[in-house]
Structure formats: structure tokens, C-alpha cells
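Encoded as C-alpha cells, the structure appears first; notes follow it.
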Amino acid sequence: MWTRSRPLLASLVLTLSCAIPASAFDRVTGAPFASRSPVYAEQGMAATSQPLATQVALDILQSGGNAIDAAIAANAVLGLVEPTGCGIGGDLFAIVWDGETQTLHGLNASGRSPKSLTLDTFKEMGLERIPPYGPLPVSVPGAVDGWFELSERFGKLPMSQLLKPAIDYAERGFIVSDLIAYYLERSAPRLGKYDGFAETFMPDGRMPAAGERFRNPGLAYSYKLLAREGRDAFYRGEIARRIDEYMKAQGGYLSYDDLASHRSEWVDPVSVDYRGVTLWELPPPGQGIAALQILKLLEGYDLAAMGRDSAEFVHTFVEAKKLAFADRAKFYADPAFVEVPVAELISTEYAEARRSEIGPTAAKAVEPGNPALLHGDTIYLTTADRYGNMVSLIQSNYRGMGSGMTPPGLGFVLQDRGELFTLTPGEANTYAPGKRPFHTIIPAFATRDGKPWLSFGVMGGATQPQAHAQIIINMVDFGMNLQEAGDAPRILHTGSSQPTGEVMRDGGVVSLESGFSYHTRRELMKRGHVMQENLGGYGGYQAIEFNPATNSYIGASESRKDGQAAGY
1 MWTRSRPLLA SLVLTLSCAI PASAFDRVTG APFASRSPVY AEQGMAATSQ
51 PLATQVALDI LQSGGNAIDA AIAANAVLGL VEPTGCGIGG DLFAIVWDGE
101 TQTLHGLNAS GRSPKSLTLD TFKEMGLERI PPYGPLPVSV PGAVDGWFEL
151 SERFGKLPMS QLLKPAIDYA ERGFIVSDLI AYYLERSAPR LGKYDGFAET
201 FMPDGRMPAA GERFRNPGLA YSYKLLAREG RDAFYRGEIA RRIDEYMKAQ
251 GGYLSYDDLA SHRSEWVDPV SVDYRGVTLW ELPPPGQGIA ALQILKLLEG
301 YDLAAMGRDS AEFVHTFVEA KKLAFADRAK FYADPAFVEV PVAELISTEY
351 AEARRSEIGP TAAKAVEPGN PALLHGDTIY LTTADRYGNM VSLIQSNYRG
401 MGSGMTPPGL GFVLQDRGEL FTLTPGEANT YAPGKRPFHT IIPAFATRDG
451 KPWLSFGVMG GATQPQAHAQ IIINMVDFGM NLQEAGDAPR ILHTGSSQPT
501 GEVMRDGGVV SLESGFSYHT RRELMKRGHV MQENLGGYGG YQAIEFNPAT
551 NSYIGASESR KDGQAAGY
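For what it's worth, full-length UniProt numbering labels the leading residue of the sequence shown as 1, then goes sequentially.
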């Protein structure tokens, strides 16, 4: 009897092992796809994309700083240890929950295009698109001004104390991690030809490999100037003068005057309610309201009844995303130059009208967009403290390490965010001097009954609003905890119309992360979706949840990045 049943038993074991990841058998708690359990702490919490930055944030909290101080210090460290995703040559956005006043605040610390560069200049060059690298896509870096705005309004500790850990690491060096080494190596062929880049990041003629020590004395010097002289060192002092001199030598247009006139802007976050949860995003020029539009469209469906690993759910989500991104391409731009109908775009009435356009098969009325939007590497971090403050902060150079423009001796690359303008006249996002380009980086925050609930974000260009919506859906509709919501396999649709001018005409491409069944993929193909594998385009998530029952925090950091959530 035993010998006759062994082939059947072996077949059953093989079937189970192929259908269910090994972790499903090994984990005591949590879903099979969860990489670890959530982190719990009372006094403070930090979740960043690099363990060194998380530890620095905790050190700042334990030294008397608050969540705002910790976020700035962590961002400074990330500019050193993760230059493939951020740096002081880029922009910054943040949402702050003020524990004292129980209010939410938004900061747009993004820079504007050079005043001396005009649309006619691009036409005279014969360009139909702004190039991704070199001097032309460089806009004013807003991150440093963002740090000082956050510090002056909400911080407790001096900037010199916040920048000291990053200065120390820059001078003595840090050990490069596997993921960062991978992206550094990818950057070398594109950026190594620009003056200053190889001297800063390739001191031995190559990028540092995983496990090697890397020093950045130039960045230490820049941080010391900021600690000693304040934000004006960057926008009116030595750093500004050296950027101006370098850009002139490179044939660029970003000038001292552009830097000197820069200012950040405090803005009111906007929101929608979704099944008892309020999701908050920043208004354009960022793409945050796309997440709000997706949720309002999906609110009319019973997603829980569909099941997450179902063709019906994935199809409905993708079609809602297409509708939101069509509006994103047409309307999202700098509100100082065009009127953006934010209230109308995120209204219930508009969602109800648009929802009727979601049919049983894939919509194909549009042309593929710019796939490069998916690879605008970014960092996201979130912090929380014992005073009830929570910070949701995102920062980026756009395309990985940025434009390649690396002023010698300063230790950072200038961003290439200006690539995200369109050169087609008459569009909302058409290039103009002194204008902020359409922005992909978006922090998120969620409340319940007017009280803080989640501070979270997901890195990754056009992935971000799709992933923001999925995080909320995972927790609200599918009952996942904070860690599971980020680790769950993601849906990614590419090929939508873009604010840079491309128009979608063929339905785009759907990519499903490992964990979705073949049955779901097959049924999606039957509905007319084009399926395609994707490497590295699913983003990177960090989150902190506030638990009012115990007045404590829960932290999460997903396995797609090197990140860590920790508290005390």
C-alpha cells in the first residue's frame, strides 16, 4: 500500500512546492509573501531605504531631536550612501503631521527651469524632446532649501548637528551595499564622460563594488558649508558660484541668479475618502492626485469579493490607472503657469462619469508613453517621534544619479528633472523659463477620522501613484498588515500617455510581480492585455503606522530595496 502511494504523494508534494513559496511553510505569522514581521516601538520610528540612514534617524531622535530633524539627517546620509537615488542636486517633497496642532502640512521643494533657457532655444537646436543627460535638463535643485524650510518651521536641533553623521560617513567612508553597487555600475557608462563625475564617483577608474569602502570628501565639504553658513551657502554663496561657473563651462543655462531667486512653497495637501480612510497627496506639479483618482474610480467596485489574485481585480485596476494617467498627461503641470482642475479631477462625480469607460476588455485607444519615466530612481523615508510628529519625505535626482553634471569638489550630481517638460507648444506642461516641470516623486499620508494613520511612500517614477493606491487597497480591501501591504506582489502598467507629449494608442503593457498565478496572467491575456516581465520597476516602500490604542508606532520596509524600519 505504501509503495503504491509513494508516486502520488511525491506528485502532491511537488505540486504544493511549485504552487506555494517555501516561506509559506516556514513563517509562523504573516502572509507567504511577507519578507518579515512589522516593527513595533513607542518612542520613535524610522523607515528608510538604507540601514545606515535609519540608524542615524534613530540616533537623532534619541539625542533630543524630533521626526523632522531625523528625516533631514537621514536624507543627508542617503545623499551619500544612495547617490543612485537622491542627493542635494535634486528636489524634495514632504508631508508633515504636526503632533502639537494635529494638522497636516505639505512642502513643495522643487526647483524651476533656468530663466535664460527658452522654448525657442530648443527649437533652434532642432530638438523635439529635452535630452535626459548633460546641461539641458538641469533645473534648480530644491532639496537643500527644503531641509532648511522644514528645520526652521518644525525642527528642534541645529543643522550642524543634523549633518554631522553624514559628514563623518563621507570623510571616513561607508561600505557599499549590493543594490547600490548594481545601480552605480549601470550609471558609469552614461555619466562617466561628464566633467567632474568620474573624479567624484570613480576615483579608481571604476565605480565602487559591493563590500568596498567609498569616501566622498567633496560632499563632506558641501555639507560643512551648509552646517556653517546655512542654506545661502547653496543658493547665494560658494556652492552657487561654483555651480554657475561649472554650468557655463558645460554650455548650460542654470545660473547663479536662478539659484539665488529660488524658493520652496508650503502647500495644502489634497485628499479623497476611500472606505473610511482619507488618503492625502500633494497637488501638481506632482503626480500624487493620480493615486486619488485611481482610488475614486475603484471605490465603485467590490475588490475584496474579486480577490487579489484574480484577472477581474487586476483588469479593473489597470483600466482605472489608464483613465487616471490620461488626465495626468493632459492636466498635471505647474499651477503657477496653468490652472489645474484638481478638485474636479478627484471628485466623486467625475469618478462616477469616468467609471463607465471601464469595460470587460483592455482599452486600446492610446499610444505607448516614455518607459524612461519608470526608471527615475528615488529615495523615500518616513519618521515619527514621541511628540506625535510624523514625516513623509521623498527626494530624487530623477534619472538615477541625475544629469551627469557634477561640479568638481562638491560631491553631488545636478538633477535632470527638466527632461519631464514637453516641447510641444500650448500644452499644460510645455517648457517655459522659471517653470517647475511635471514631477513624479510623491509622498503620501493617510488619516482615519481626522487622526494620523499611515505615513508612507513608494519609490519609482510612474510606479508611485499605482503603488500608493495598491498599498491602501491591500490594507483596506484585503486586510493586510503594514509589512504585508508593501511586500505583496505588485501590478504595474506602462505605456500610458505622458506629460512629456507621448499619446497612448495600443493599450500599453501589464507586468505582474512574482506571486500572481499563471491562471490570472492567462485570463488577462484573454481580455486583451499584453503581458511583459519587468526588472526593477516595482518600486520601493517604507511606511510607519500610528496605533492610537497603544499610542505607538508600527514600521515596515520592503525587501525590494536595502531598507530598514527600526524604532525604540
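From the three backbone atoms N, C-alpha and C, an ideal C-beta is built for every residue, glycine too. For clarity, every value in this text was computed on a predicted model and none was experimentally measured.
- request: Can you check DSSP and say which residues form a bridge with G567?
  value: M45
Close-in-space but distant-in-sequence residues of the same chain around S214 (CB under 7 angstroms, 5 per side omitted): According to the sequence as given, residue 214 is Phe; it is not Ser. Around F214: G173, F174, V176, P208.
- prompt: Taking buried to mean at least 16 other C-beta atoms within 10 Å of its own C-beta, is E545 buried or exposed?
  reply: buried
query: Between the C-alpha atoms of E299 and T348, what's the straight-line distance to the nearest angstrom?
result: 9 angstroms
query: Under the rule that 16 or more other beta-carbon atoms within 10 Å means buried, what is A240, buried or exposed?
result: buried
- prompt: Can you give the beta carbon distance from T382 to G457, rounded, assuming they're within the 8 angstroms contact cut?
  reply: 7 angstroms
message: At the level of alpha carbons, what is the spacing between K191 and Q43?
response: Looking at the sequence itself, residue 191 is Leu, so the reference to Lys does not match. Going by the C-alpha atoms only, they are around 43 angstroms apart.
- prompt: So what's F214 in DSSP terms, helix, strand or just coil?
  reply: strand
query: Using the beta-carbon count (16 or more within 10 Å), is E149 buried or exposed?
result: buried
- prompt: Roughly how many angstroms lie between the CA atoms of T406 and I180, to the nearest whole one?
  reply: 19 angstroms
message: Less than 9 angstroms between the C-beta atoms of I95 and S455, yes or no?
response: yes
Cβ distance (whole Å) where G106 is taken to contact P269 below 8 angstroms: 4 angstroms
query: Using the C-alpha atoms, what's the distance from T121 back to G237?
result: 29 angstroms
query: Anyone know if the C-beta pair for Q542 and S37 falls short of 9 angstroms?
result: no
- prompt: Is there contact here, the stretch 413-432 with the stretch 329-345, by at least three beta-carbon pairs under 8 angstroms?
  reply: yes
- prompt: According to DSSP, is S455 helix, strand or coil?
  reply: strand
query: Grouping DSSP H, G and I as helix and E and B as strand, with all else coil, what is G376?
result: Confidence at G376 is low in this model, with a pLDDT of 44, below 50, so its placement is unreliable and the value that follows should be read with caution. Coil, per DSSP.
Through-space distance from N551 to D195, alpha-carbon basis: 52 angstroms
- prompt: Which residues in the same chain as A24 place their Cβ atom closer than 6 angstroms to its Cβ, once the five residues preceding and following it in sequence are excluded?
  reply: At A24, the pLDDT of 47 sits below 50, so the modelled position is not reliable; the number obtained from the coordinates is stated separately. P32.
query: Do the stretch 299-317 and the stretch 476-488 touch if we need at least three Cβ pairs shorter than 8 angstroms?
result: yes
- prompt: Curious, which full-length alpha helix (DSSP H) runs of at least 4 residues does the stretch 453-491 contain?
  reply: 463-476, 482-487
- prompt: For A188, which three-state DSSP category applies?
  reply: helix
- request: Could you tell me if R4 is buried or exposed, where buried requires 16 or more neighbouring beta carbons within 10 angstroms of its beta carbon?
  value: A caution first: R4 carries a pLDDT of 40, below 50, which makes its placement in the model unreliable, though a value can still be read off. Exposed, because fewer than 16 other Cβ atoms sit within 10 Å of the Cβ of R4.
query: Taking the C-alpha atoms as reference points, what is the distance between V144 and G89?
result: 8 angstroms
- prompt: Could you check where the alpha helix (DSSP H) with H315 kicks off and where it finishes?
  reply: 311-331
- prompt: Which two residues bound the contiguous alpha helix (DSSP H) that contains A519?
  reply: Sequence inspection shows His at residue 519; the Ala mentioned does not correspond to that position. Run containing H519: 518-526, per the alpha helix (DSSP H) assignment.
Neighbourhood of G409 by C-beta, 7 angstroms cutoff - its chain only, sequence neighbours within 5 removed: G218, Y221
query: Under 9 angstroms, do I294 and P465 count as touching if we go by C-beta distance?
result: yes
message: If we define contact as Cβ-Cβ less than 9 angstroms, is S63 a contact residue for chain D?
response: Among the chains in the structure shown there is no chain D, since it carries only a single protein chain.
query: For the putative contact between A76 and A57, defined by C-beta atoms under 8 angstroms, what is the C-beta separation to the nearest angstrom?
result: No, A76 and A57 are not in contact; Cβ-Cβ is about 10 angstroms, not under 8 angstroms.
message: I'd like to know whether the C-beta atoms of F317 and I491 end up nearer to each other than 9 angstroms.
response: yes
Spatial distance of A227 from M159 (CA atoms): 6 angstroms
query: Based on Cα-Cα distance, which residue from S557, S559, D327, M459 lies nearest to T500?
result: D327
- request: Report all residues from its chain with a CB closer than 8 angstroms to the CB of residue 641; omit the five preceding and five following residues, and keep chain order.
  value: The first residue shown for the chain is 1 and the last is 568, placing residue 641 beyond what the model contains.
message: So, under 8 angstroms CB-CB, S110 and G434 are touching, yes? Tell me the CB distance rounded to an integer number of Å.
response: Not a contact, Cβ separation roughly 13 angstroms.
message: Do P443 and Y380 have their beta-carbon atoms positioned less than 9 angstroms apart in this structure?
response: yes
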